[in-house]
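Let me begin by presenting the structure, written as structure tokens, before commenting on it.
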Amino acid sequence: MRGVVVHHEHRIKFITIRNSRGEFILAELLGGYLVENGDVISGSIEYLGSQALLNETKNQQIHVFVQDIGLTEKQAIRRIQGTRQSSL
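What follows is the structure in structure tokens.
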């Protein structure tokens, strides 16, 4: 499955990916990868847990931990806000 990065929360290393069905996926980056809004990501983004994905835009494999799948945009924002607050 493919999706597009729509948000990167640098401080907590989380990205939000919108898939082709319009659902949002929340994933934690497990490394110092350069990921930007608009990057196309492919791989097993529809499964929870540790995944190796491909950043097609940068032709780079990235390792992530998929936290949530099938979210609405509002739910994704709330999850990021909750994660940010708990990391303070």
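According to the numbering used here, the sequence shown holds residues 61 to 148 in order. Heads up, the beta-carbon is just placed ideally off N, CA and C, and yes, glycines get one too. Everything numeric in this text was worked out from a predicted model, so none of it was measured.
- Ile72 is classed as exposed because its beta carbon has fewer than 16 other beta carbons within 10 Å across all chains shown.
- Take Gly103, set aside five residues on each side of it, and the residues of its chain with a beta-carbon closer than 8 Å to its own are Met61, Gln111, Ala112, Leu113 and Leu114, in chain order.
- Excluding residues up to 5 positions away in sequence, Lys73, Phe74, Val124, Phe125 and Gln127 lie with their Cβ nearer than 7 Å to the Cβ of Glu88 in the same chain.
- If you draw a 10 Å sphere on the C-beta of Thr76, you find 16 or more other C-beta atoms in it, and that means buried.
- For Arg81, the secondary structure class from DSSP, reduced to helix, strand or coil, is coil.
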